[in-house]
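Okay, so here's the structure we're looking at.
Numbering (full-length UniProt numbering), first residue to last: 1 to 251.
Next up, the structure:
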């Protein structure tokens, strides 16, 4: 019997990360559900296990090198060597540039960009050794520029550059690297944005849907479907690409 592949999904306690973790498990992978607080992964892990899949919860700060190394070692010991990595962990610290603090900038860069770098560096060893791997990083339509998000837009654009470079460096080992750039997706992160703007969440979603060609906002499962494809055997000739999943051609 072929050995079960192992995936790590960061920021997978809720939202898009949780949807991706559940989808990869339904695709037959064992999944490490990684988030800052290990206890927060319980719901995602139990959903996977109750559906007949294999999963563990792992607590780690992806911006800390030692924590990343320990997390990947734990996954290797408990599930097996990881050959699929989804870099999804992220935070928001939105502000206009004249109000943005050093910490607003540094915190977002640390989690999104440094986190993806550290996780990728740790996991690629296992991918190279296996002669097979998939790396999927979550960018955003904000990479094209978004008012009040200089930090977030910069890291989401940076993840696209990282993705293209990984595709060049790791392709010879049968490892692909791709990015997904979600548009407006209904998540708790967006709920926090609506709260900050003092707009009721449902009204916020309705307003956004009117601007999207397909007439609805995105759901976490829309992103999970794209991640599933990029992680599949069928996607072996696709690498270094950025797929905008936004309900239309523009952000």
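Even glycine gets a Cβ: it sits at the ideal position worked out from N, Cα and C. Quick caveat, the model's predicted, so the values are computed rather than measured.
Is it true that the CB of residue 24 sits closer than 9 Å to the CB of residue 9? Residue 9 places its beta carbon less than 9 Å from that of residue 24.
Considering residue 75, what are the terminal residues of the alpha helix (DSSP H) in which it resides? In the DSSP assignment, residue 75 falls within the unbroken alpha helix (DSSP H) covering 65-78.
Decide yes or no for the touch test of the region 96-110 against the region 42-54: beta carbon pairs closer than 8 Å, at least 3 of them. With the cut-off at 8 Å, the region 96-110 and the region 42-54 do not touch.
Beta-carbon spacing of residue 183, residue 247 below 9 Å: Yes; because the gap between Cβ atoms is below 9 Å, this pair is in contact.
Following the continuous alpha helix (DSSP H) through residue 134, name the residue where it begins and the one where it ends. In this chain, residue 134 is not harboured by any alpha helix (DSSP H); it is covered by the beta strand (DSSP E) spanning 133-138.
Buried or exposed, going by whether 16 or more other CB atoms sit within 10 Å of the CB of residue 4? Under this definition residue 4 is an exposed residue.
From the DSSP output, read off the bridge partner residues of residue 200. Bridge partners of residue 200: none, in fact.
Rounded to whole angstroms, what's the CA-CA distance from residue 88 to residue 137? Just pull it up for me. Those two C-alpha atoms are separated by around 6 Å.
Contact defined as beta carbons within less than 8 Å: I believe residue 15 pairs with residue 220. What is the distance between those atoms, to the nearest angstrom? Taking the Cβ atoms as the reference, residue 15 lies roughly 6 Å from residue 220, within the contact range of under 8 Å.
N- and C-terminal bounds of the alpha helix (DSSP H) containing residue 95: Boundaries for residue 95: no alpha helix (DSSP H) harbours it, and the DSSP string shows neither H nor E there.
Output the distance between the C-alpha atoms of residue 186 and residue 217, rounded to the nearest integer angstrom. Annotation: residue 186 to residue 217 spans about 7 Å, alpha carbon to alpha carbon.
Given a cut-off of 9 Å on the beta-carbon distance, is the pair residue 175 and residue 162 in contact? No, the pair does not count as a contact, with Cβ atoms beyond the cut-off.
Beta strand (DSSP E) runs contained entirely in the region 141-212, provided each spans 3 or more residues: Fully enclosed beta strand (DSSP E) runs of 3 or longer: 175-182.
At which residues does the beta strand (DSSP E) containing residue 8 begin and terminate? In the DSSP assignment, residue 8 falls within the beta strand (DSSP E) that extends over 6-10.
Between residue 94 and the rest of its own chain, which residues show a CB-CB distance below 6 Å, the 5 nearest in sequence each way excluded? Here the set comprises 148, 149.
Quick check on the burial criterion: 16 or more other C-beta atoms within 10 angstroms. Buried or exposed for residue 157? By the 10 Å Cβ count, residue 157 comes out buried.
Rounding to the nearest angstrom, what Cα-Cα distance links residue 133 and residue 231 in this structure? A direct Cα-Cα distance of roughly 8 Å separates residue 133 from residue 231.
Return the chain-ordered ranges of every alpha helix (DSSP H) run that is complete within the region 96-128 and spans a minimum of 4 residues. The region 96-128 contains these whole alpha helix (DSSP H) runs: 102-108.
For residue 29 versus residue 84, is the C-beta spacing smaller than 9 Å? One thing to note: residue 29 has its Cβ within 9 Å of the Cβ of residue 84.
Whole angstroms is fine: what's the gap from residue 69's alpha carbon to residue 106's? A straight line joining the alpha-carbon of residue 69 with that of residue 106 spans about 21 Å.
What's the call for residue 35, buried or exposed, on a 16-neighbour Cβ count within 10 Å? By the 10 Å Cβ count, residue 35 comes out buried.
Residue 82: buried (16+ other C-beta within 10 angstroms of its C-beta) or exposed? By the neighbour-count rule (16 or more Cβ atoms within 10 Å), residue 82 is buried.
Give me the Cα-Cα distance between residue 267 and residue 250, rounded to the nearest whole angstrom. This structure cannot speak to residue 267, because the chain is shown only from 1 to 251.
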